[in-house]
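Residue numbers (my numbering), protein chains in the order written: chain A, 79 to 374; chain B, -8 to 360.
Heads up, the beta-carbon is just placed ideally off N, CA and C, and yes, glycines get one too.
Right, one structure below, let's go through it.
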């Protein structure tokens, strides 16, 4: 009887997760496996209807090309650079906003949602205008204080910096909110007890807040990194990967290969490489931080 | 030597919430309990002493030094919180030493001190565990340990036993009392549980609506309550409280309550013929008799050492009587209840103040005229 009951329970459990499995299968697993399959073919505009298996030819081509190194390096700079500013900034803002004695908390909380009040697409267009070499407000300001104009989006030196800057503007509200909810989950008696014992605000930050939020911080940082790694629209809309390929990241380069050059198989191979790198990264970082434990 | 004094302390949260004109004196080594229903201002008072809540006006002195505007860390006060406030990522040892780690004490001394306190609390074998791995009672001890290692001038405890189950609470009550006497540290303890107040306190202060109602040894609160609030709050089950009348008839004073009359020999009404009063008597001072208040037994509760009998009078009033086990009364049976006149209390129906208790010098019947 126990066995029957158990198996019927398992069946019901399966029923409940079925919608998620269906969605994942159709929108995630199928495209991923399709991409992996395409990456071993010669699927492109020349062989659009009659493509065939070519083994590791695409990968051999990619590893022989100098672009791979540049694109991976770009992706790492883009992801690490963005994560390194937006995650700590979110944490710092959350700490500032959660001070007991801060006046006007609700006002600030509304204000720092501002970057989110517009569609990212519009924000990026506005930034694109602001960063324009001629007539862009940023250069106007630089000129006004006696500095020369900078080639924000069209010089290989500053383009990546501009991308990270714009991405920072777009993403810090999210990290501030996530950290605010994490910080607010800490019972305030923990701080009061420390306060009575003589700990100041800096020492409570390092002795209580950070150790308590260790897992959350790891999780938020690592997922911020992964999200940025795959964050397509900022580089795509702002610089289009240029100048040259100086701001191409794996995901935009894959898109470029597939849809600008109609080299679908090569694009798929780049996507697969990106996924593999992330997979290794997640496994390694979870091993060291145990960050996934906050999910269950 | 640590004497705590609160002088005209106020904290107004608006909407009649807060603490108003509180005056307290807690002597060196005293176990002082602030008792009251939820929202009465007892925790706010404690937090003002701790420095976690600011004071609108008034003064707080510790050892004759004014600490009203001191930040908490400069007050040399340790506090035990209701939910223990232990750091989940630290071991019990680190939790206990946490207050010492910010001092200049060497690690060796810290460890020695921690061991000593742990031994005293009987948690020496738990030092390497995390708070999540020990029981509620043990966590309570760790929280106490963290307060004890500091050897503060004053202990504050905010309902420290309320998260424990009934049996453990009784046990920890005894333990707390023992520890407090052993350390002889002045302690202010906040609770809504009058049993904790009566068992722990050297003196207790009853608060209601942000105001101190009465201060004194717990037995005084029980035997000589200032008003009807104290009378009904202290004591379990609570004191019976009925409307009654004192009537002067042919030079004799008679108390009329719920259809029954009782002669009150030692009351002199002076010129008045009739005075409205509230009549209070404790469940244990109610006995069965031939003539008295008529009431029907509706519920009984056997608590082992005695029985609580819940009566209803014909006009719908509730009365509680405490009886010995083996009572002959059966449910639905009507009886006559006679309060012990030597222990009866009379209160002013308007102000609620105690105006008469047999043998007490506090009698103020005359003031009513």
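Please go through the segment 183 to 233 of chain B and give each complete beta strand (DSSP E) segment of 3 or more residues, from N-terminal end onward.
194 to 199, 202 to 207
If distances are taken between C-alpha atoms only, which option among B:0, B:49, B:31, B:-5 comes closest to residue 56 (chain B)?
B:-5
Counting pairs of beta carbons, one from the segment 205 to 216 of chain B and one from the segment 181 to 193 of chain B, are three or more of them closer than 8 Å?
yes
Say whether chain A places a C-beta atom closer than 8 Å to the C-beta of residue 154 (chain B).
At a cut-off of 8 Å between beta carbons, residue 154 (chain B) makes no contact with chain A.
Residue 180 (chain B) touches chain A at which residues, Cβ-Cβ below 7 Å?
Those do not exist, as residue 180 (chain B) stays about 16 Å from chain A at its closest Cβ, beyond 7 Å.
Are the segment 87 to 100 of chain B and the segment 133 to 148 of chain B touching, with three or more C-beta to C-beta distances below 8 Å?
yes
Does the CB of residue 74 (chain B) have a neighbour CB from chain A at under 8 Å?
Chain A contact via Cβ: present.
Using 8 Å as the threshold, is the C-beta distance between residue 343 (chain A) and residue 116 (chain A) below it?
yes
Can you give me the C-alpha to C-alpha distance between residue 242 (chain A) and residue 356 (chain A), rounded to a whole angstrom?
CA-CA distance, residue 242 (chain A) to residue 356 (chain A), rounds to 20 Å.
When burial is assigned at 16 or more other CB atoms within 10 Å of the CB, is residue 38 (chain B) buried or exposed?
buried
Compare the C-alpha of residue 59 (chain B) against each of B:33, B:42, B:350, B:166 and name the closest.
The residue with the shortest Cα to Cα distance from residue 59 (chain B) is B:42.
Kindly confirm or deny that the segment 150 to 158 of chain B and the segment 102 to 115 of chain B touch, where touching means at least three C-beta pairs closer than 8 Å.
The segment 102 to 115 of chain B and the segment 150 to 158 of chain B do not touch, with fewer than three beta-carbon pairs separated by less than 8 Å.
Between B:321, B:265, B:315, B:337, which has its C-alpha nearest residue 286 (chain B)'s C-alpha?
B:321
Would you call the segment 323 to 333 of chain A and the segment 152 to 159 of chain A touching, i.e. three or more CB-CB distances under 8 Å?
yes
Hey, is residue 93 (chain B)'s beta-carbon within less than 8 Å of any beta-carbon in chain A?
At a cut-off of 8 Å between beta carbons, residue 93 (chain B) contacts chain A.
Who pairs with residue 292 (chain B) in a beta bridge, going by DSSP?
B:299
Alpha carbon to alpha carbon, how far is residue 350 (chain B) from residue 338 (chain B)? Give it in angstroms, no decimals.
15 Å
Against chain B, does residue 275 (chain A) count as a neighbour if the rule is that its beta carbon must be under 8 Å from one of theirs?
yes
Just checking: is the beta-carbon of residue 268 (chain A) within a distance shorter than 8 Å of some beta-carbon in chain B?
yes
What would DSSP say about residue 76 (chain B), mapped onto helix, strand or coil?
Reduced to three states, the DSSP call for residue 76 (chain B) is coil.
Is it buried or exposed, residue 278 (chain B), if we count other Cβ atoms within 10 angstroms and call 16 or more buried?
By the 10 Å Cβ count, residue 278 (chain B) comes out exposed.
Below 8 Å on the Cβ atoms is my contact criterion, and I expect residue 167 (chain A) with residue 246 (chain A) to pass it. Report the Cβ-Cβ distance as a whole number of Å.
That belief holds up - the Cβ atoms of residue 167 (chain A) and residue 246 (chain A) are roughly 7 Å apart, short of 8 Å.
Look at residue 272 (chain B) and residue 288 (chain B) and say whether their C-beta atoms are less than 8 Å apart.
no
Please list, in chain order, all residues of the same chain as residue 315 (chain A) whose beta carbon is under 8 Å from its beta carbon, the five residues on each side excluded.
199, 202, 203, 206
Close beta carbons around residue 95 (chain A), own chain, < 8 Å, minus the five adjacent residues each side:
none
Cutoff 8 Å; reference residue 235 (chain A); Cβ partners in own chain excluding five residues on either side
229
Can you tell me the Cα-Cα spacing of residue 224 (chain A) and residue 253 (chain A), whole angstroms?
35 Å
Closest to residue 255 (chain A) by CA distance: which of A:162, A:112, A:184 is it?
A:184
How long is the line joining the alpha carbons of residue 216 (chain A) and residue 226 (chain A), rounded to whole angstroms?
11 Å
Residue 347 (chain B): first and last residue of the uninterrupted beta strand (DSSP E) it sits in
345 to 347
Look up residue 271 (chain B) in the DSSP assignment and give the residues it is bridged to.
B:232, B:336
Leaving aside the five residues before and after residue 110 (chain A) along the sequence, list all residues of the same chain whose C-beta is less than 8 Å from its C-beta, in chain order.
353
Can you check which of these residues, A:303, A:218, A:324, is closest to residue 313 (chain A) by C-alpha distance?
A:324
Since residue 70 (chain B) meets chain A, which of its residues come closer than 8 Å, beta carbon to beta carbon?
Under the 8 Å cutoff, chain A gives 270, 271, 274.
Name the chain A residues that come within less than 7 Å of residue 213 (chain B), Cβ to Cβ?
None at all; the shortest Cβ gap to chain A is about 33 Å.
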